[in-house]
Amino acid sequence: MQLPVLNDAPAHAAEKKGGCSASSCGTTDNQMDSLPDSIREKVQNHPCYSEDAHHYFARMHVAVAPACNIQCHYCNRKYDCANESRPGVVSELLTPDQAVKKTMAVAANIPQMTVLGIAGPGDPLANPERTFETFRRLSEEAPDIKLCVSTNGLALPDAVEELSKHNIDHVTITINCVDPDVGAKIYPWIFWKNKRIKGKKGAKILIEQQQKGLEMLIAKGILVKVNSVMIPGVNDQHLAEVSKVVKSKGAFLHNVMPLIAEAEHGTFYGVMGQRGPTPDELQDLQDSCSGDMNMMRHCRQCRADAVGMLGEDRGDEFTLDKIEDMEIDYQAAMEKRAVIHQAIQAEMDSKRLEKAEKAQQHKQEPKLSTRPVLMAVATSGQGVINMHFGHAKEFLIYEASPDGVRFISHRKADQYCAGDTSCGDGESVLQVTVRTLAGCEAVLCSKVGYEPWEMLEAAGIMPNGEHAMEPIEEAVMAVYKEMAAAGKLDSTPEAVRASA
Amino acid sequence: MAVKIIESCVNCFACEPVCPSKAIYEAKPHFLVDPKKCTECEGDFPDFQCASICPIEGAILNSLGEAINPPGSLTGIPPEKMAEAMAELQSH
Ligand code: SF4
Ligand code: SF4
Ligand code: SF4
Numbered sequence: 001m002q003l004p005v006l007n008d009a010p011a012h013a014a015e016k017k018g019g020c021s022a023s024s025c026g027t028t029d030n031q032m033d034s035l036p037d038s039i040r041e042k043v044q045n046h047p048c049y050s051e052d053a054h055h056y057f058a059r060m061h062v063a064v065a066p067a068c069n070i071q072c073h074y075c076n077r078k079y080d081c082a083n084e085s086r087p088g089v090v091s092e093l094l095t096p097d098q099a100v101k102k103t104m105a106v107a108a109n110i111p112q113m114t115v116l117g118i119a120g121p122g123d124p125l126a127n128p129e130r131t132f133e134t135f136r137r138l139s140e141e142a143p144d145i146k147l148c149v150s151t152n153g154l155a156l157p158d159a160v161e162e163l164s165k166h167n168i169d170h171v172t173i174t175i176n177c178v179d180p181d182v183g184a185k186i187y188p189w190i191f192w193k194n195k196r197i198k199g200k201k202g203a204k205i206l207i208e209q210q211q212k213g214l215e216m217l218i219a220k221g222i223l224v225k226v227n228s229v230m231i232p233g234v235n236d237q238h239l240a241e242v243s244k245v246v247k248s249k250g251a252f253l254h255n256v257m258p259l260i261a262e263a264e265h266g267t268f269y270g271v272m273g274q275r276g277p278t279p280d281e282l283q284d285l286q287d288s289c290s291g292d293m294n295m296m297r298h299c300r301q302c303r304a305d306a307v308g309m310l311g312e313d314r315g316d317e318f319t320l321d322k323i324e325d326m327e328i329d330y331q332a333a334m335e336k337r338a339v340i341h342q343a344i345q346a347e348m349d350s351k352r353l354e355k356a357e358k359a360q361q362h363k364q365e366p367k368l369s370t371r372p373v374l375m376a377v378a379t380s381g382q383g384v385i386n387m388h389f390g391h392a393k394e395f396l397i398y399e400a401s402p403d404g405v406r407f408i409s410h411r412k413a414d415q416y417c418a419g420d421t422s423c424g425d426g427e428s429v430l431q432v433t434v435r436t437l438a439g440c441e442a443v444l445c446s447k448v449g450y451e452p453w454e455m456l457e458a459a460g461i462m463p464n465g466e467h468a469m470e471p472i473e474e475a476v477m478a479v480y481k482e483m484a485a486a487g488k489l490d491s492t493p494e495a496v497r498a499s500a
Numbered sequence: 501m502a503v504k505i506i507e508s509c510v511n512c513f514a515c516e517p518v519c520p521s522k523a524i525y526e527a528k529p530h531f532l533v534d535p536k537k538c539t540e541c542e543g544d545f546p547d548f549q550c551a552s553i554c555p556i557e558g559a560i561l562n563s564l565g566e567a568i569n570p571p572g573s574l575t576g577i578p579p580e581k582m583a584e585a586m587a588e589l590q591s592h
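Order-wise, the sequence lines are chains A and B.
This note's numbering numbers the first residue of the first sequence as 1 and each following residue consecutively.
This note's numbering numbers the first residue of the second sequence as 501 and each following residue consecutively.
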């Protein structure tokens, strides 16, 4: 089956730098609108792709693949593959047998878990035996779990045939460049045909393999998502080209992640002082590429190691010795899961309807001409504001504008470093959290304590606990309208951004 | 004649499957080379396979006890730059 190419002839798309196009904005889930039916069906309940589904469903990763066949300058190889995980995370390495057990234990206890990924700690396809053994068994023993895999692409062409035999729902390829000169600045070497090949020559082979693998997967009808790491001064200018190339070959999503480089990780970029992008730079790039291609904004890069729903991590309940003792009747679990999935589906459908109605209403109202505003939201799922500021481990960032509300990104409370060097040093957790929210003008949560309230205000971020348990988009719009009515939105966004 | 894996090995498993002589095995605290089995890849490949995929500088030594991948050769980080960064971190 040949997958249709998205936005097939967007002759006007290139002009659409930033901002919203009329068709893809408003309070509807703009990702889904432009997808063809066959793909929409595959992704509509997908926690990785569908913006609303990721409030209801969860995914998990198992670390079965330790080896890697290339070197990336943002990876130190002591931690998990930085392409898919949060830097600095070390996962417990599992055998395929342990991974199957753990997956089934989590699936039986957290019915919302619907997608299992193998993403490391090295490159899954550089460990074909372990990776495919895990997939083979899960396809047989837990057929209601979707499988996914991410790869640097070097060994992909040789793996496509085998991948197509399992319950593989999608493949993620990390493609940072299509030009070997750029590649030489990102990949110091690859291991290829029994030799270590350095520099541009190695990068060229890697790029060819990635593109060939992408084409082969599309030809087999397997969904392909492309990840890119944005490295300021190295590939930031180049990623629009990458977007264009992978789109024309049929990848259905392109996800740009920020480089996170710290000297203490001992990576090339960390030690050499290469900075990561600021939240604004990242968003600008995502905006400039979205005219080119469907961009995934709810990437959960920072959650690859977490088990459970948004904002929570239940990994501790499923350590090796604990799953060893669990007796799982997967047949029974599968029946229970099916019932719960149906209920979630019904709830999601009704919420989607409500949302569409609200969007319709919004269109009838007189249009504001105020500037867009970023707001942070604390939630633990279900699409409502239901988390205490102090408990939030990550925030969802939304943009409100006269066109509606759109989801922008996740920001991990303890992780985001805006590219300067002041991270970590003697700052309180609270200070770091407040800094995480740079650029936002309001934060919506169920409650805020006194101390954070003052700090947020001082940082120019308005704390708001008045919309607890309300649907996120509605609450964000309500706050936006209040701000507009209070005349807070008359300054230009440039001025605010510059001071953020 | 044999190569040797030392304690800087991070147990990434990469070398084990590429050895033509099945000389590398998982051990605690790190992978080891069986000196009786290691052929230094003679007759199979021109380069030591283990040292051609190993990502960690200095983790594998040749029969003279020298690092096959000396500091800076894989990461491209000049050794003095690395020392500087580490000293900087330690001073905190
Ligand atoms: S592909 Fe992943 S594990 Fe391999 S070097 Fe790159 S970031 Fe590290
Ligand atoms: S040098 Fe060759 S034979 Fe010896 S351990 Fe390494 S890969 Fe095996
Ligand atoms: S490739 Fe190097 S770091 Fe990895 S297990 Fe072998 S010796 Fe250790």
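No residue lacks a Cβ here, since even glycine has one placed at the ideal position from N, Cα and C.
Remember, it's a predicted structure, so these values are computed and weren't measured experimentally.
Asked                                                                                                                        : Found
Of the residues A/Q283, A/L163, A/L154, the one placed nearest A/G501, counting alpha carbons only                           : Past the edges of chain A, shown from 1 to 500, lies residue 501 of chain A, and the structure says nothing about it.
Cα-Cα separation, A/I39 to A/S350                                                                                            : 21 Å
Within-7 Å CB hit, A/F57 to chain B                                                                                          : no
Which of helix, strand or coil DSSP assigns to A/V234                                                                        : coil
Under 8 Å by beta carbon: chain B residues contacting A/Q71                                                                  : P555, L574, T575
DSSP-derived helix/strand/coil call for B/H530                                                                               : coil
Where the beta strand (DSSP E) through A/H341 begins and ends                                                                : Premise fails: A/H341 lies in the alpha helix (DSSP H), 330-364, not in any beta strand (DSSP E).
Interface flag, A/P4 vs chain B, CB-CB below 7 Å                                                                             : Annotation note: pLDDT 36 at A/P4 (below 50); position unreliable, no value reported.
Range of the contiguous beta strand (DSSP E) that encloses A/G59                                                             : Reading the sequence as shown, one finds Arg at residue 59 of chain A and not Gly. First-last of the beta strand (DSSP E) with A/R59: 58-65.
Same chain, Cβ closer than 6 Å to A/I344, five either side skipped, listed in chain order                                    : Y56
Continuous beta strand (DSSP E) stretch holding A/A400: start and end                                                        : 394-401
Distance CB(A/I515)-CB(A/A105) smaller than 7 Å                                                                              : Summary: the structure shown does not reach residue 515 of chain A, with chain A confined to residues 1 through 500, and so no result is reported for it.
Status (buried if at least 16 other CB within 10 Å, exposed otherwise) for A/S369                                            : exposed
Simplified DSSP state of B/A523, which is helix, strand or coil                                                              : coil
Sequence-distant residues of its chain with Cβ nearer than 7 Å to B/C554 (five each side left out)                           : A514, C515, I560, N569
Assigned secondary structure, A/P277 (DSSP; H/G/I helix, E/B strand, else coil)                                              : coil
Cβ-based burial, A/A22 [other Cβ within 10 Å; buried from 16]                                                                : Because A/A22 sits at a pLDDT of 32, beneath the cut-off of 50, its placement in the model cannot be relied upon, and the point is left open.
Beta-carbon contacts of A/G199 that lie in its chain and below 6 Å, excluding the five residues immediately before and after : A184
Counted within 10 angstroms of its Cβ, other Cβ atoms place A/D403 as buried (16 or more) or exposed                         : buried
CB contact below 7 Å: A/R77 versus chain B                                                                                   : yes
Chain D contacts from the segment 169-192 of chain A (Cβ-Cβ distance under 8 Å)                                              : Absent from the structure: chain D. Protein chains present are A and B.
Beta-carbon neighbours of A/N194, restricted to chain B and to distances below 8 Å                                           : V518, F545, D547, Q549, S552
Interface residues of chain A facing B/M559 [CB-CB closer than 8 Å]                                                          : Correcting the residue type first, residue 559 of chain B is Ala in the shown sequence and not Met. Those do not exist, as B/A559 stays about 10 Å from chain A at its closest Cβ, beyond 8 Å.
Straight-line Cα distance separating A/K447 from A/H166                                                                      : 46 Å
9 Å Cβ cut-off: residues of chain A touching B/C512                                                                          : P66, A67, C68, R77, K78, P121, G122
Pair within 7 Å by beta-carbon distance, A/M216 and A/V149                                                                   : no
Cβ contact check for the segment 71-79 of chain A and the segment 261-268 of chain A: 3 or more pairs under 8 Å              : yes
Chain A within 7 Å of B/L589, Cβ atoms only                                                                                  : yes
By C-beta, the residues closer than 5 Å to any heavy atom of ligand 2, given in chain order                                  : B/V503, B/C519, B/S521, B/A523, B/V533, B/C538, B/T539, B/E540, B/C541, B/F548, B/Q549, B/C550
Interface flag, B/A585 vs chain A, CB-CB below 7 Å                                                                           : yes
Exposed unless 16 or more other CB atoms sit within 10 angstroms - verdict on A/H12                                          : Because the pLDDT of A/H12 is 36, which lies under 50, any placement of that residue in the model is unreliable, and the question is left without a value.
Neighbour list for B/K504 in chain A, Cβ cutoff strictly below 8 Å                                                           : Correct list: empty, because the minimum Cβ distance to chain A is about 19 Å.
Under 9 Å from the C-beta of A/M334: neighbouring residues of chain B                                                        : Near A/M334 there are no residues of chain B at all, since even the closest Cβ is about 33 Å away, more than 9 Å.
Within chain A, partners of B/K528 - CB distance below 7 Å                                                                   : Going along chain A, no residue has its Cβ under 7 Å from B/K528, so there is no contact; the nearest lies around 13 Å.
Cutoff 7 Å: B/K581 Cβ touching any chain A Cβ                                                                                : yes
Within-7 Å CB hit, A/F132 to chain B                                                                                         : no
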